[in-house]
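full-length UniProt numbering puts the first residue of the sequence shown at 1, with every later residue one more than the last.
C-beta atoms are modelled at their ideal positions from N, C-alpha and C, and glycine is treated no differently.
Working notes, beginning with the structure itself.
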Amino acid sequence: MAANSSASSMPETIIKDILSRLPVKSLVRFKSLSKPICSLIHSHDFMAAHLCLSSLKPTLLVRRYHNPTGCNFQLTLVRESLVNDLDIPNDVVSALRCFPKIVGSCNGVVCLDISKCHAADLFLWNLATREVKRLPKPTIKSSPLPWMVTLGFGYDHKNHEFNIVRLVTLDDDTKAEVYKTGTGTWDQIEDLSITSCAVSGGQQAVSVNGELHWLALGGGLFNLRRYIVSFNMGDNKFRQIPAPDLPVDCCLKLMFYKKSLTLAAYPLDIPDRFVRNRKAFEEFDLWVLGEEDGSSWSKHVMIDSLVRFIFPIGVWGDDKIMMKRIGGNRSRLILFDPMVGDRAETLQELGGEDSLDVFTYVESLMPV
């Protein structure tokens, strides 16, 4: 009784501070202690405070599979030397027609695409609370015309809701719709202002400061000008950002690096005979988008000593770049810090035909 009396007399700010440092598994159990504790844990302020502390201990979420067949697939969480395989929820497993693709990981919630094509069957999954939600079917349907679908997943801090954006390119026309957890419905976006750009499918959107970003090519058959297409989750507006003026024989990868939208430029793996009349692009560059005007780029890192057949696949935390190195019949997952030069740490050996996607994941209480 004395212990209960002491706990009840403790200031709420201290209780909140103590609870916000606990793992989600413990907090789920503590919700049954009392109605005030349950109300506190469910409050938006507490969930935000818990997420802020949890973000200091990010985990790497890895989707790995055998590329030609799609078999031997795994979802794993990697933290330091610990590797934990994930069990996919029964609600997802019962609906699976193929191994799920990860659309994105944001604020402790993962968006899964379980459709064979056209990104038409989506789930939201909080890995820590085990809460799962299957989304309603999108409103933009398939077409007999050539078409391509691109997804983006992020969190709108202004309206406190998750957004899933679905871009559909039909021949030379682009349509878009957005699902918001606040409304629970898909709504088409009428004013796109990006019809002159083609957003390629299969890429991961990058969420920065309330906006989702994708790489795109300028419209027209021979227009190879590269752009960034940006979607503001607060006002549902699109805009185009010109990419840095880079050679056409370099590959580009958008990333969230050191709290900024960053574009990695790295060599394209093509036979030397195709570039013998000019010098091939052989650097690894990081270009950072300026925050003041949101349209100018500056080169922050340039490394010219990385070997070929290494390419970036994501970011761990905020400052480590995940690279995949291909060689022979094996490949390696490499952790690379651009600020300390070309030194890298091998995390995992992979089969030569293994493909993987990586995402930063943090625990949270966020509902889906």
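- A49 sits in a helix when the DSSP states are folded into three classes.
- A residue is called buried when at least 16 other Cβ atoms come within 10 angstroms of its Cβ; K320 meets this threshold and is buried.
- In terms of Cβ geometry, V178 and V168 do not form a close pair [threshold 9 Å].
- For V208, the enclosing beta strand (DSSP E) begins and ends at V206 to V208.
- Taking the C-beta atoms as reference points, L51 is found no nearer than 9 Å to C111.
- For P244, the three-state secondary structure derived from DSSP is coil.
- For M366, the closest C-alpha among the options M10, L170, E12 and L27 is that of L27.
- Contact between the segment 253 to 262 and the segment 175 to 192 is not established, with fewer than three Cβ pairs separated by less than 8 Å.
- Residue burial annotation: E12 is exposed, with fewer than 16 other C-beta atoms found within 10 angstroms of its C-beta.
- The DSSP-derived three-state label of E291 is coil.
- Between S20 and L53, the C-beta gap is smaller than 9 Å, which places the two residues in contact.
- The beta-carbon distance between R130 and P89, rounded to whole angstroms, is 7 Å. This is short enough to meet the 8 Å contact definition.
- The three-state secondary structure of V368, taken from DSSP, is coil.
- Here the alpha carbon of R332 sits roughly 46 Å from the alpha carbon of I14.
- If you ignore the 5 residues before and after I310, its C-beta comes within less than 6 Å of the C-beta of M323 and R325, all in its own chain and listed in chain order.
- Rounded to the nearest whole angstrom, the C-alpha separation of S55 and K299 is 27 Å.
- Excluding the 5 residues flanking it on each side, V301 has same chain C-beta neighbours closer than 6 Å at L286 and P338, in chain order.
- The straight-line gap separating the alpha-carbon atoms of F284 and D45 is approximately 41 Å.
- Taken through DSSP and simplified to helix, strand or coil, T59 comes out as strand.
- Annotated three-state conformation of E190 is coil, per DSSP.
- Pairing P138 with K57, the inter-Cα distance amounts to about 35 Å.
- Per the coordinates, the alpha-carbon of V109 lies some 27 Å from the alpha-carbon of V288.
- D318 is classed as exposed because its beta carbon has fewer than 16 other beta carbons within 10 Å across all chains shown.
- Collapsing the DSSP output to three states places E131 in coil.
- Shown here, V28 sits in a helix according to DSSP, grouped into three states.
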